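Let me begin by presenting the structure, written as structure tokens, before commenting on it.
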Amino acid sequence: RKTAPLVRVEHLQAHLTLLHVFHSLKSTVSATGAPDLTPEERWVTFVHRAVARFFTWGERVVSWRGPEVQPLKALEIPPIDVLMVWHAYLLNPRCYYEDCIR
Numbered sequence: 001r002k003t004a005p006l007v008r009v010e011h012l013q014a015h016l017t018l019l020h021v022f023h024s025l026k027s028t029v030s031a032t033g034a035p036d037l038t039p040e041e042r043w044v045t046f047v048h049r050a051v052a053r054f055f056t057w058g059e060r061v062v063s064w065r066g067p068e069v070q071p072l073k074a075l076e077i078p079p080i081d082v083l084m085v086w087h088a089y090l091l092n093p094r095c096y097y098e099d100c101i102r
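All the letters of the sequence shown, read from the start, carry residue numbers 1 to 102 under UniProt numbering.
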């Protein structure tokens, strides 16, 4: 008896593409911007701003749609920096769940 795969190849490819986009974003941010900052400082500053933008985005989406679960509409899809923070947050599903029910 054959067991169905847990993850489809297309989903893996999409996830790897997303990770590549995050890597490219980090490379771009680290290489450009304020000349008085090191690449690491540029990235840390960028991530701090992305976290703030993530919380703003999350509050707006919840206020628009309420607590019900449904796919995001085109206007609700976050920008890449916010998506990166959301992705990192989802890597700890227990914390994400607990924070969402508060």
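Even for Gly, the Cβ is constructed at its ideal location relative to N, Cα and C.
Given the structure is predicted, the values throughout are model-derived calculations rather than measurements.
Item, Value
"Runs of beta strand (DSSP E) wholly within the stretch 31-100 (minimum 3 residues, chain order)", "none"
"Per-residue DSSP class, three states only, for ALA4", "coil"
"Straight-line gap, THR56 to GLU40 (C-alpha atoms, nearest Å)", "25 Å"
"Beta-carbon proximity check, ALA50 vs VAL21, cutoff 8 Å", "no"
"Heavy atom of the ligand GTP within 7 Å of LEU19 beta-carbon", "Because no ligand of any kind appears in the structure shown, any question about the ligand GTP cannot be addressed here."
"Cutoff 7 Å; reference VAL82; Cβ partners in own chain excluding five residues on either side", "ALA50, ARG53, PHE54, TRP57"
"LEU25 to ALA88 span [Cα, whole Å]", "15 Å"
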